[in-house]
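Peer 1: If you scroll down you'll find the structure; I have some questions about it.
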Amino acid sequence: MPEASGQESSGQGLKVAVIGGGVAGLAAALALRDRARALGVDLAVTVFEKDTETGGNLRTLNQGGWQFEWGPNGFLDNEPATLRLVDRLGLRPRLLRSSDATRRRFLLVNGKLQEIPLSPKAFLSSKMLSTRGKLRMAGELLVPGRRDLGRAAVDITTDETIDRFGERRLGREFANVMLDPMVKGVFGGESKQLSLAAAFPRMVELEREHGGLFRAMIALGREKRRKGRRTDAGPTGVLHSFDGGMAVLVDGLARALDEDAQAEVVRGADVAAITRMADGWRVSCSIDGYSVSWPSGEQGGFTAVLDAAPSHAAARHTAALDPALSADLAAIPYAPMAVIALGYPRDKVDHDLNGFGLLVPGQEKRTALGVLWSSSIFPGLAPDGRVLLRCMAGGAGNPGAMTLSDDELVKRMLADLGPLLGLRGEPELVNIIRHGRAIAQYVPGHLARLAAIDAAAARHGSLWFAGSAYRGIAVNACVKESEMVADKILAALTGARPQSAEVAR
Ligand SMILES: Cc1cc2nc3c(=O)[nH]c(=O)nc-3n(C[C@H](O)[C@H](O)[C@H](O)COP(=O)(O)OP(=O)(O)OC[C@H]3O[C@@H](n4cnc5c(N)ncnc54)[C@H](O)[C@@H]3O)c2cc1C
Numbered sequence: 021m022p023e024a025s026g027q028e029s030s031g032q033g034l035k036v037a038v039i040g041g042g043v044a045g046l047a048a049a050l051a052l053r054d055r056a057r058a059l060g061v062d063l064a065v066t067v068f069e070k071d072t073e074t075g076g077n078l079r080t081l082n083q084g085g086w087q088f089e090w091g092p093n094g095f096l097d098n099e100p101a102t103l104r105l106v107d108r109l110g111l112r113p114r115l116l117r118s119s120d121a122t123r124r125r126f127l128l129v130n131g132k133l134q135e136i137p138l139s140p141k142a143f144l145s146s147k148m149l150s151t152r153g154k155l156r157m158a159g160e161l162l163v164p165g166r167r168d169l170g171r172a173a174v175d176i177t178t179d180e181t182i183d184r185f186g187e188r189r190l191g192r193e194f195a196n197v198m199l200d201p202m203v204k205g206v207f208g209g210e211s212k213q214l215s216l217a218a219a220f221p222r223m224v225e226l227e228r229e230h231g232g233l234f235r236a237m238i239a240l241g242r243e244k245r246r247k248g249r250r251t252d253a254g255p256t257g258v259l260h261s262f263d264g265g266m267a268v269l270v271d272g273l274a275r276a277l278d279e280d281a282q283a284e285v286v287r288g289a290d291v292a293a294i295t296r297m298a299d300g301w302r303v304s305c306s307i308d309g310y311s312v313s314w315p316s317g318e319q320g321g322f323t324a325v326l327d328a329a330p331s332h333a334a335a336r337h338t339a340a341l342d343p344a345l346s347a348d349l350a351a352i353p354y355a356p357m358a359v360i361a362l363g364y365p366r367d368k369v370d371h372d373l374n375g376f377g378l379l380v381p382g383q384e385k386r387t388a389l390g391v392l393w394s395s396s397i398f399p400g401l402a403p404d405g406r407v408l409l410r411c412m413a414g415g416a417g418n419p420g421a422m423t424l425s426d427d428e429l430v431k432r433m434l435a436d437l438g439p440l441l442g443l444r445g446e447p448e449l450v451n452i453i454r455h456g457r458a459i460a461q462y463v464p465g466h467l468a469r470l471a472a473i474d475a476a477a478a479r480h481g482s483l484w485f486a487g488s489a490y491r492g493i494a495v496n497a498c499v500k501e502s503e504m505v506a507d508k509i510l511a512a513l514t515g516a517r518p519q520s521a522e523v524a525r
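Taking this note's numbering, the leading residue of the sequence shown gets 21, the next gets one more, and so forth.
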């Protein structure tokens, strides 16, 4: 840890409460401390985490030589925020890059596995879409751009679903075969139920700036060639994790905070409410079954509160403070998801598993949403001579799958995927993780709802929200937003100039 600045003193300085010790809350707490130290501002942070362990969804489980993830199996390098954090925590030596084979991805189309083509030429000769579907796709060049793009936050009637966008620009077949499974894979969601502007804002920008997707690809390709940039990372970047799994990131964050005299992480503190008192904010929580008001007694309250718990929990925290704000937070839906880890001896799997995995479009009518070939992505997750598969079921489109028994879930995964991958016999490892509320769903109206939440928080002053419920569900997005919100809090409390380029703009 860098030395504390001479101007800092532990005493009656600024005090910020951060609710939720997932990656968003921990990253925000550390960013607050780092920026305060750099500015010489006396600022203490208290993180309240409901569970006895910090990390939220980022948990890595080990069982008899197998290693599998509770939540995210990695993060992409297409956005630098998480990599910056990795360096800040000294974790670069433990960073793992996914194997090159993961560029190969598959879809189930009409009951058969099809490799997703990586070039236009390969696409034309693939069996991914019918000739008619390919022609319709090519017609994207002729589809005029919508004139009302970019207004979803202020005019909800312009908030188009991902499916509608796909059909309008690239045709019904493309929307069903390619967009639908991609949305299931990323959001556990339904393309017919999610807002393009909230879930994939870049797509809206591309259409707005270039008039269409192919036009955008051509223009961006030309620019890349002109600037001589490498283009081989693909549009989505390269997946990374750690030697030891994703828990390494949140453990590193928690360690950095635990070692900081001006930061406190209170584990096992289930926050019930936040209250605005004359001398600042009080956080009411339950610790070991006792109701506690924090800070207690005569000490002044918190100067600011950042609620980085899931939005449904933040809704409870703000219910008495501001019922309308609480209702907006509660209205953000979450999709459930079951993650089923299956381990097999290598010689009991016929498929070479040389790739990332496969996704299943809804029109294929399976219980499985997809399967990642985990031990191909990051070798070392399975014992020698074994392979690890990570199957997903449920999602917004099939919440009923969550009510299936463990045996039935495994049976359905094997029925759906066994013949495709040539799985023979019973799996050697089965581990099922059920996420009742896995991933926030950015439904149409999400951006307008965010605007209302921001306006309400601003009215209260010194109240902020962060986490995957708001402006990006990926780990990267959460880390980036946490840095930005830390900047905003410091700017509001001290008048300091924000460090993040995005906030400074
Ligand atoms: C199955 C699954 C797979 C995923 N795969 C990927 C992936 O491959 N790549 C990727 O980038 N992202 C992925 N994600 C998304 C990623 O996990 C999230 O973006 C990230 O974990 C969100 O972090 P967070 O801190 O916002 O929320 P969380 O991780 O949910 O943390 C919130 C914290 O708040 C705490 N809390 C809740 N209520 C209270 C309370 N009342 N008082 C105090 N604390 C409270 C919780 O215990 C928790 O620790 C996946 C998610 C899931 C569920």
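Glycine included, every Cβ here is placed at the ideal spot set by N, Cα and C.
Here the structure is a predicted model, which is why all the values come from computation and not from measurement.
Let me know if Gly-309 comes out buried or exposed under the rule of 16 or more other beta-carbons within 10 Å of its beta-carbon.
Peer 2: Looking at its Cβ environment, which holds fewer than 16 other Cβ atoms inside 10 Å, Gly-309 is exposed.
Peer 1: With a threshold of 16 other CB atoms inside 10 Å of the CB of Ser-150, please say whether the residue is buried or exposed.
Peer 2: The residue in question, Ser-150, is exposed, as its Cβ has fewer than 16 Cβ neighbours within 10 Å.
Peer 1: Which stretch, first to last residue, makes up the alpha helix (DSSP H) that contains Phe-143?
Peer 2: Per DSSP, Phe-143 belongs to the alpha helix (DSSP H) from 140–145.
Peer 1: So is the beta-carbon of Glu-384 under 7 angstroms away from any non-hydrogen atom of ligand 1?
Peer 2: Not under cutoff, so the answer is no.
Peer 1: Between Asp-62, Gly-487, Ala-49, Arg-79, which lies nearest to Asp-271 when the distance is taken from Cα to Cα?
Peer 2: Comparing Cα positions, the closest option is Arg-79.
Peer 1: Which of helix, strand or coil does DSSP assign to Met-422?
Peer 2: Residue state, collapsed to three classes: helix.
Peer 1: With distances taken from CA atoms, which of Leu-510, Ala-355, Val-206 is nearest Leu-379?
Peer 2: Ranking the options by Cα distance to Leu-379, first place goes to Val-206.
Peer 1: For ligand 1, is there a heavy atom less than 7 angstroms away from the beta-carbon of Gly-110?
Peer 2: Gly-110: no, Cβ never under 7 angstroms from ligand 1.
Peer 1: Check Phe-220 in the structure and name its three-state DSSP category.
Peer 2: Looking at Phe-220 - three-state DSSP - the assignment turns out to be coil, as it is neither helix nor strand.
Peer 1: Less than 7 angstroms between the CB of Met-357 and some heavy atom of ligand 1, yes or no?
Peer 2: Yes, the Cβ of Met-357 comes within 7 angstroms of a heavy atom of ligand 1.
Peer 1: Ser-488: which of Lys-204, Asp-507, Pro-343, Leu-349 sits nearest, CA to CA?
Peer 2: Here the closest residue by C-alpha is Leu-349.
Peer 1: Let me know the beta strand (DSSP E) ranges lying completely inside the stretch 299–355, each 3 residues or longer, listed in chain order.
Peer 2: Entirely contained in the stretch 299–355, the beta strand (DSSP E) runs reaching 3 residues are, in chain order, 300–307, 310–314, 324–327.
Peer 1: I'd like to confirm something about Lys-204: is its beta-carbon nearer than 7 angstroms to some heavy atom of ligand 1, or not?
Peer 2: Result no, Cβ not under 7 angstroms from ligand 1.
Peer 1: Out of Val-258, Lys-141, Gln-319, Ser-425, point me to the one whose CA is closest to Phe-376's CA.
Peer 2: It is Val-258 whose Cα lies nearest to the Cα of Phe-376.
Peer 1: Going by DSSP, which residues form a beta bridge with Trp-86?
Peer 2: For Trp-86, which the question treats as bridged, DSSP gives the partners Gln-83.
Peer 1: Within 8 angstroms, do at least three Cβ pairs link the stretch 366–373 to the stretch 321–339?
Peer 2: Contact fails: fewer than three Cβ-Cβ distances are below 8 angstroms.
Peer 1: Excluding the 5 residues preceding and the 5 following Asn-451 in the sequence, name in chain order all residues of the same chain whose CB lies nearer than 6 angstroms to its CB.
Peer 2: The residues are Ala-361.
Peer 1: Work out the CA separation of Leu-233 and Gly-186 for me, nearest whole Å.
Peer 2: Distance between the alpha carbons of Gly-186 and Leu-233: 11 angstroms.
Peer 1: Please determine if the stretch 60–68 and the stretch 278–291 are in contact, where contact requires at least 3 C-beta pairs separated by less than 8 angstroms.
Peer 2: At 8 angstroms Cβ cutoff, the stretches touch.
Peer 1: Determine the burial state of Ser-139: buried for a count of at least 16 other Cβ atoms within 10 Å of its Cβ, exposed for fewer.
Peer 2: When all chains shown are included, Ser-139 counts as exposed.
Peer 1: Out of curiosity, what's the CA-to-CA distance linking Arg-454 and Gly-84?
Peer 2: Rounded to the nearest angstrom, the two C-alpha atoms are 21 angstroms apart.
Peer 1: On the CB-based measure, 16 or more other CB atoms within 10 Å of its CB, does Val-174 come out buried or exposed?
Peer 2: Val-174 is exposed by the Cβ-count criterion.
Peer 1: For my contact list, Ser-396 and Arg-410 are in at a C-beta cut-off of 8 angstroms; report their separation, rounded to the angstrom.
Peer 2: Not confirmed; about 11 angstroms, so no contact.
Peer 1: From Arg-189 to Met-157, what does the alpha carbon distance come to, in whole angstroms?
Peer 2: Cα-Cα distance, rounded: 8 angstroms.
Peer 1: Note down the Cα distance separating Gly-26 from Asp-54, rounded to an integer number of angstroms.
Peer 2: Low per-residue confidence applies at Gly-26: pLDDT is 33, beneath 50, and the placement is therefore not dependable, though the value from the model is reported in the following sentence. Between Gly-26 and Asp-54, the C-alpha separation is close to 14 angstroms.
Peer 1: Cβ of Ser-394 less than 8 angstroms from any chain D Cβ?
Peer 2: This model lacks chain D altogether, as it is built from one protein chain only.
Peer 1: If we count the other Cβ atoms within 10 Å of its Cβ and call it buried at 16 or more, is Pro-464 buried or exposed?
Peer 2: Under this definition Pro-464 is a buried residue.
Peer 1: Below 7 angstroms, is the gap between the Cβ of Glu-69 and the nearest heavy atom of ligand 1?
Peer 2: Checking every heavy atom of ligand 1 against the Cβ of Glu-69, one is found closer than 7 angstroms.
Peer 1: Please return the same chain residues whose Cβ sits closer than 6 angstroms to the Cβ of Glu-193, not counting the five positions on each side in sequence.
Peer 2: Only Leu-149, Gly-153 meet the Cβ criterion.
Peer 1: For Met-297, which beta-bridge partners are listed by DSSP?
Peer 2: In the DSSP output, where bridge partners are listed per residue, Met-297 has Gly-300.
Peer 1: Should Ile-136 go down as buried or exposed, given a rule of 16 or more other Cβ atoms within 10 Å for buried?
Peer 2: Label assigned to Ile-136: buried.
Peer 1: Tell me, to the nearest whole angstrom, how far the beta carbon of Asn-496 is from that of Leu-96; I am working on the premise that it is less than 8 angstroms.
Peer 2: Indeed they touch by this definition, with Cβ atoms about 6 angstroms apart.
Peer 1: Which residues mark the beginning and the end of the alpha helix (DSSP H) in which Met-157 is found?
Peer 2: That run of the alpha helix (DSSP H) goes 151–158.
Peer 1: Beta-carbon within less than 6 angstroms of Val-61's beta-carbon, same chain only, minus the 5 sequence neighbours each way: which residues are those?
Peer 2: So the qualifying residues of the chain are Thr-514.
Peer 1: For Met-266, which of helix, strand or coil comes out of DSSP?
Peer 2: Three-state result, Met-266: coil.
Peer 1: Between which two residues does the beta strand (DSSP E) containing Ile-459 stretch?
Peer 2: Start and end: 449–460.
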